[in-house]
Structure formats: structure tokens, C-alpha cells
């Protein structure tokens, strides 16, 4: 529409860039359209992890078409960064840290070229390097167990917040990503006491907004890449964590 592809191709012809790639947050079916239209892209960047597999089919298609596939959200925006092994045990994979399982799941997909991970300090960097240095793909049996047990995670997929913080800026100062993060600990990791205690502290914090003050203005929902019904989900989380 704006001639951006033509400009990018001209830059490639001039040797200013070597490859064209696209980053994606839309409906998976649009990926195929982008790949097939013009066939100018060498790779793509998409979200994919244990909690969000909606792009899996298109990841396979992109690989078949010769594109490199780079994954963002490997640890679900930090939601799968837990060092505890409760999730691995829940998925019948034994004593494996949740963050390590997150990497193993993504990198065991033969159609994935590279997995990205946000790292806020040196300790996390070293931990990630250790995981990759010791990496072994999931066995066929482990993958089968994982596929069967992933249904346990569906109870959370209805409220899948990646923690991207695009919803920041609530006029009532409600910390949406923080509240949804506590629900993750409650509903996915099974850390119910921790989540409820942390939420109780949130309710006592006078520097943050409370859910009952929500104006239902929809500003947060208009900025959410995952198109979550944030207003209703906040009410749901409040009911769960207050009990």
C-alpha cells in the first residue's frame, strides 16, 4: 500500500540489507498470505510457546517454504520463567524447571530456527546459556506425553497475557499485567497461596489502582496485541484471588 516492500527490495539491490523479515501479531492465516504474496521474505518472527501454539501450523508452512523461523515469547513473556518444576511434573516430564521446559518445547520443533529470550540480568543470561549448552530435544515419548498433558494448560489459555505491558497507562493506575501475572501463578503453576498473598498485598498498596475503580473505558483493550477482554478478565481474576 505504501510501497515499503519496493523500497526494501531496492535497499537489498543496493546491498544495504541482505534479507527481509516480518514480525507478526495477527491471525495465523494471514501469515500464509504474507509469505505467498511476492515471496520476498527470508524469515519471520512470531510468538510460540507452551501456552500459545496458534502459530504452529504456519511455522511448519514457513519452514517448508524456505523461511527461517525466529520465535519470540519463548517463555511466555516471563510467565514460563519459573525455576520450579511443578509444571514439568504436571506434564509427566519429571523434575525439570519450567523455564527449561519452555526452551525444550520450542527448540524441539524442527521447523524453528531460533528462539529469543528477554534477559534482564547476567544471572538470567548464564541460566539460558546453561540450558542451551545442555539442550537435548524432547523424545518422541516425551512429546506424546506433552501433547496429552497440554490440555491441562487450556484452563489458562482463555486468559493468556504475555506481559507485554502494552496496556500500561490505565487512567486509574490499575497494574493489569501485574494482576494477570498473579493469576498465572495461581492457575498454571499451582502457586495458589503465593498468588493470593501477593494479591492481598496489591489490594493494600495505595500507589496502584484497584479493579473496582475501573472506568471500563476500553483503552487497555484497544492496545492489547492478544485482543484479550481485559475488563471482564480483571473482574474474573479479582473474584478468584480474593477468595
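Numbering (the numbering used here), first residue to last: 41 to 283. Cβ atoms here follow ideal geometry from the backbone N, Cα and C, with glycine treated the same way.
| query | result |
| --- | --- |
| Distance between residue 253 and residue 62 (C-alpha atoms, nearest Å) | 39 angstroms |
| Neighbourhood of residue 148 by C-beta distance below 6 angstroms, restricted to the same chain and skipping five residues each side | 177, 178 |
| Residue 111 - containing beta strand (DSSP E), residue span | 108 to 112 |
| Residue 45 versus residue 81: straight-line alpha-carbon distance, rounded | 10 angstroms |
| Where residue 250 falls: helix, strand or coil (DSSP) | coil |
| Environment of residue 57 [buried if 16+ CB atoms lie within 10 Å] | exposed |
| At least three beta-carbon pairs within less than 8 angstroms, the segment 274 to 282 to the segment 233 to 245 | yes |
| Chain-order list of residues whose beta-carbon lies under 6 angstroms from that of residue 171 (same chain, five-residue window excluded) | 140, 143 |
| Own chain residues within Cβ distance below 7 angstroms of residue 275, not counting five before or after | 251 |
| Check whether residue 108 and residue 153 have beta carbons under 8 angstroms apart | yes |
| Simplified DSSP assignment, three categories, for residue 175 | coil |
| Nonlocal neighbours in the same chain, by C-beta distance under 7 angstroms from residue 146, ignoring five residues either side | 88, 89, 111, 114, 152, 155 |
| Run of the alpha helix (DSSP H) containing residue 277, from where it starts to where it stops | 270 to 282 |
| Distance between residue 256 and residue 264 (C-alpha atoms, nearest Å) | 15 angstroms |
| CB of residue 174 within 8 angstroms of CB of residue 157, strictly | no |
| Unbroken stretches of the beta strand (DSSP E), 3 residues or longer, contained in the segment 68 to 94 | 83 to 87 |
| Limits of the beta strand (DSSP E) - the one that residue 157 falls within | Where residue 157 is concerned, there is no enclosing beta strand (DSSP E), given that its DSSP letter is neither H nor E. |
| Unbroken beta strand (DSSP E) run spanning residue 63, endpoints | 61 to 63 |
| Cβ neighbour criterion (16 or more within 10 Å) applied to residue 239 | buried |
| For residue 199 and residue 329, believed in contact at Cβ under 8 angstroms, the rounded distance | For residue 329 there is no data in the structure shown, the boundaries of the chain being 41 and 283. |
| For residue 86 and residue 95, believed in contact at Cβ under 8 angstroms, the rounded distance | 5 angstroms |
| Assigned secondary structure, residue 57 (DSSP; H/G/I helix, E/B strand, else coil) | coil |
| Beta-carbon gap between residue 210 and residue 217 smaller than 8 angstroms | no |
| Helix, strand or coil at residue 136 [DSSP, three-state] | coil |
| Start and end residues, alpha helix (DSSP H) containing residue 96 | 96 to 104 |
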